[in-house]
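Asker:
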Amino acid sequence: MTIHFILSGETLESISEEIHLENPEYLKEFHNTRCAREDLIHEKLVPGKN
243 MTIHFILSGE TLESISEEIH LENPEYLKEF HNTRCAREDL IHEKLVPGKN
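Under my numbering, the first residue of the sequence shown is numbered 243, with each subsequent residue one higher.
(1) Helix, strand or coil: how does DSSP classify L254 here?
(2) Check whether the Cβ atoms of L282 and E252 sit closer than 8 Å, and answer yes or no.
(3) Report the CB separation of I245 from G290 in whole angstroms; it is logged as a contact under 8 Å.
(4) Give the DSSP-derived three-state secondary structure of N274 in the structure shown.
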């Protein structure tokens, strides 16, 4: 598993493109099923979080 710290301006789409993932929703679903409650992605990414 890889930890990615979100940088200012990054989106689910840009991160998905970087890791060659076709659908950003897959990344969101993967993250949300494995993270702590306070790290859930609802709508927008928060810079500085992992």
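Backbone N, C-alpha and C define an ideal beta-carbon position, used for all residues, glycine too.
Answerer: For this structure:
(1) helix
(2) Cβ distance not < 8 Å, so L282 and E252 don't count as in contact.
(3) 13 Å between Cβ atoms; not a contact.
(4) The DSSP-derived three-state label of N274 is helix.
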